[in-house]
Amino acid sequence: MSSPTVAPPAPDGNSFLVQTVSLLSSVASYLRLPAIASTGVAAILTGLLYFKQKALIYPSHMPPGSRTDIPRPSFYRIKDYEELIIPTKDGEKLSAFYIRGPRGGPNSKVTVIMFHGNAGNIGHRLPIARMLLQAVGCNVFMLEYRGYGISTGHPDESGLNIDAQTALDYLRDRAETRDHKYLVYGQSLGGAVSVKLVSKNQGNGDIVGLILENTFLSMRKLIPSIIPPARYLAALCHQVWATDTLIGNVKVPTLFLSGLQDEIVPPTHMKQLYDLSTAPVKIWKPLPNGDHNSSVLEEGYFEAIADFIERVSSGQQLKQE
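Numbering (full-length UniProt numbering), first residue to last: 1 to 321.
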């Protein structure tokens with residue numbers, strides 16, 4: 001008679017946060033194409049930028065298995081959650097997690113809407129959600145973009161913006177969350193998604209804050225850093241994500257989390273976004289040793305988020321920093 005199978009214990013959120021960062025860091029090199037030295041360099045780069053840019057910008061299959069292997073909240077000892085499938089107006093079906101914080105707690109009517117970076121899936125970011133639950137006690141809504149994880153469709157700029165709007169509309173219509181205060185939290189590409197969403201929807205007063213981590217000015221302005229030989233061909237990029245033209249429209253308090261060792265998005269991009277912001281309160285939080293994916297591990301990262309959320313959700317005055 002065989003011995004019963006014993007499931008391994010769920011990992012500690014902090015230790016698995018480190019593993020998650022390591023996993024996502026392994027795909028960072030995917031964004032950095034080697035310089036192409038040949039007589040056909042211009043033609044090659046032109047083809048890559050115009051015809052293959054979606055595959056480069058949205059590597060949803062990276063790390064391998066990201067379209068099929070999605071960790072569930074229960075793996076991180078998160079018990080109070082829902083797995084959702086939400087339809088979009090253009091016919092796609094989006095996967096999402098709605099994770100509840102402590103019921104009856106001071107932030108039980110605060111929901112953080114998370115938009116992740118350009119690789120992996122929502123399951124890979126669950127350690128971050130768990131840290132938010134522990135640090136803030138809020139609810140966390142994690143949306144999977146089209147073409148990522150088990151969501152249907154193919155990612156592009158217009159589609160991801162539809163997805164973000166779908167997420168907010170769902171929460172506003174849902175009986176449990178329609179009277180909540182929302183904070184929109186975006187990492188890297190997710191920051192660009194977040195700025196667009198907030199700039200269009202802040203008039204209702206239910207979006208009380210925006211959190212950006214390692215976000216770029218625009219995809220065209222990022223190309224010289226990722227593919228230096230293509231700097232003169234950046235105009236061919238049709239996935240624009242012009243965050244620099246939208247950040248000035250954001251009128252809610254904004255927290256800028258910038259990893260100063262970011263090897264993908266130059267830290268100057270975040271600093272320029274901060275300077276362009278006209279938010280009533282904007283807070284600059286530099287993370288001296290944080291790179292593109294490891295900023296979440298830096299001392300003060302979650303403390304800065306927790307303090308920001310506590311203050312904006314309670315209506316406290318924030319100090320400009």
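By construction, the Cβ of each residue, glycine as well, lies at the ideal position given by its N, Cα and C atoms.
Everything numeric in this text was worked out from a predicted model, so none of it was measured.
Tell me, to the nearest whole angstrom, how far the beta carbon of L189 is from that of V198; I am working on the premise that it is less than 8 Å. Indexing the sequence shown from 1 puts residue 189 at position 189. Indexing the sequence shown from 1 puts residue 198 at position 198. The Cβ separation is near 15 Å, so there is no contact.
Near the ligand FMN: S108 beta-carbon under 7 Å from a heavy atom: Ligands displayed in this structure: none; no statement on the ligand FMN is therefore possible.
Name the one or two DSSP bridge partners that G259 has. Within the sequence shown, residue 259 is the residue found at index 259, counting from 1. Partner(s): L287.
DSSP three-state label for Y145, please. By 1-based counting over the sequence shown, the position of residue 145 is 145. Coil at Y145, not helix or strand.
Environment of L80 [buried if 16+ CB atoms lie within 10 Å]: In the sequence shown, the residue the question calls residue 80 occupies position 80. Correcting the residue identity first, residue 80 is Asp in this sequence and not Leu. Under this definition D80 is an exposed residue.
For residue 345, the three-state DSSP class (helix, strand or coil): A question about residue 345 goes unanswered here, because the residues of the chain that appear run from 1 up to 321.
Let's see if you can read the secondary structure: which residues bound the beta strand (DSSP E) around K181? The residue labelled residue 181 in the question sits at position 181 within the sequence shown. Start and end: 181 to 187.
Exposed or buried, what is T68 when buried is set at 16 or more other beta-carbons lying within 10 Å of its beta-carbon? Taking the sequence shown and counting its residues from 1, one reaches residue 68 at position 68. It counts as exposed.
When we look at the beta-carbon of K196 and count the other beta-carbons within 10 Å, is it buried (16 or more) or exposed? By 1-based counting over the sequence shown, the position of residue 196 is 196. Buried, by the Cβ-count rule.
Between the Cα of R178 and those of G117, L133, S108, A119, spot the shortest distance and give me the residue it belongs to. The sequence position of residue 178 within the sequence shown is 178, counting from 1. Among G117, L133, S108, A119, the Cα nearest to that of R178 is on S108.
Can you give the Cα-Cα distance for M114 and A164, rounded to whole angstroms? One-based indexing of the sequence shown puts residue 114 at position 114. One-based indexing of the sequence shown puts residue 164 at position 164. Straight-line Cα distance between these residues: approximately 10 Å.
Beta bridge counterpart(s) of A96 as assigned by DSSP: To locate residue 96, count along the sequence shown from 1; it is residue 96. BP columns for A96 point to L84, L143.
Distance, Cα to Cα, Q19 vs L246? As a first step, residue 19 must be located in the sequence shown, where it is residue number 19. As a first step, residue 246 must be located in the sequence shown, where it is residue number 246. The straight-line gap from Cα to Cα measures roughly 34 Å.
Closest to G315 by C-alpha separation, out of K181, P64, P155, would be which residue? Taking the first residue of the sequence shown as position 1, residue 315 is located at position 315. Answer by Cα proximity: K181.
Under 7 Å Cβ to Cβ from Y148, same chain only, skipping five residues before and after it: list those, please. Taking the sequence shown and counting its residues from 1, one reaches residue 148 at position 148. For Y148, where only same-chain residues beyond five positions count, the Cβ hits under 7 Å are S60, N121, P155.
In or out: residue 323 buried (at least 16 other Cβ within 10 Å) or exposed? What the structure shows of the chain is the stretch from 1 to 321, and residue 323 is not part of that stretch, so it cannot be assessed.
Whose C-alpha, out of L297, M270, F97, H292, is nearest the C-alpha of W284? Along the sequence shown, one-based indexing puts residue 284 at 284. When each option's Cα is compared against that of W284, the closest is M270.
Whole beta strand (DSSP E) elements within the region 199 to 256, 3-residue minimum: 207 to 213
To which residues does DSSP link M114 through a beta bridge? What you label residue 114 is simply residue 114 of the sequence shown in a count that begins at 1. DSSP, once it has assigned bridges, lists M142, Y185 as partnering M114.
Whole-angstrom C-beta distance between Q202 and V281, which should lie under 8 Å: Residue 281 sits at position 281 when you count from the first residue of the sequence shown. Residue 202 sits at position 202 when you count from the first residue of the sequence shown. In fact, because the Cβ distance is near 14 Å, the residues do not count as touching under 8 Å.
Report yes if the CB atom of F141 is closer than 8 Å to the CB atom of Y76, and no otherwise. Within the sequence shown, residue 141 is the residue found at index 141, counting from 1. Within the sequence shown, residue 76 is the residue found at index 76, counting from 1. Result no, Cβ atoms of F141 and Y76 do not sit closer than 8 Å.
What is the C-beta distance between N118 and Y170, in whole angstroms, given that I count them as a contact (C-beta under 8 Å)? Within the sequence shown, the letter at position 118 stands for residue 118. Within the sequence shown, the letter at position 170 stands for residue 170. Not quite, the Cβ-Cβ distance comes to about 23 Å (not below 8 Å), so this is no contact.
Anticipated Cβ contact below 8 Å, N161 with V184, distance rounded: Sequence index remark: in the sequence shown, residue 161 carries index 161 (1-based). Sequence index remark: in the sequence shown, residue 184 carries index 184 (1-based). Not confirmed; about 13 Å, so no contact.
Taking its Cβ as the centre, do 16 or more other Cβ atoms sit within 10 Å of G191, making it buried, or is it exposed? The residue labelled residue 191 in the question sits at position 191 within the sequence shown. When all chains shown are included, G191 counts as buried.
In angstroms with no decimal places, state the Cα-to-Cα distance between M62 and T243. Here residue 62 corresponds to residue number 62 of the sequence shown, with the count starting at 1. Here residue 243 corresponds to residue number 243 of the sequence shown, with the count starting at 1. Between M62 and T243, the C-alpha separation is close to 24 Å.
Could you tell me if D291 is buried or exposed, where buried requires 16 or more neighbouring beta carbons within 10 angstroms of its beta carbon? Here the question's residue 291 lines up with position 291 in the sequence shown. Buried, by the Cβ-count rule.
Residues near Q239 by beta carbon distance below 7 Å, same chain, minus five either side: Residue numbering aside, residue 239 sits at position 239 when the sequence shown is read from its first letter. Excluding sequence neighbours, Q239 sits near Q53, K54, I57, D156, E157, M219.
In the DSSP assignment, what residue or residues form a beta bridge with K282? As a working mapping, residue 282 is identified with position 282 in the sequence shown. According to DSSP, K282 bridges with T254.
Expected contact under 8 Å - CB spacing of G259 and N214 to nearest Å: Working through the sequence shown from its first residue, we reach residue 259 at position 259. Working through the sequence shown from its first residue, we reach residue 214 at position 214. Rounded, the Cβ-Cβ distance is 5 Å, consistent with contact.
Where does the unbroken alpha helix (DSSP H) through D173 begin, and where does it stop? By 1-based counting over the sequence shown, the position of residue 173 is 173. Per DSSP, D173 belongs to the alpha helix (DSSP H) from 157 to 173.
Tell me where the alpha helix (DSSP H) around F308 begins and ends. Position 308 of the sequence shown holds residue 308. 301 to 314 is the span of the alpha helix (DSSP H), which, as asked, contains F308.
Can you find the residues in the same chain that come closer than 6 Å, C-beta to C-beta, to P286, ignoring five residues on each side of it along the sequence? The residue you call residue 286 lines up with position 286 of the sequence shown. Excluding sequence neighbours, P286 sits near S258, L260.
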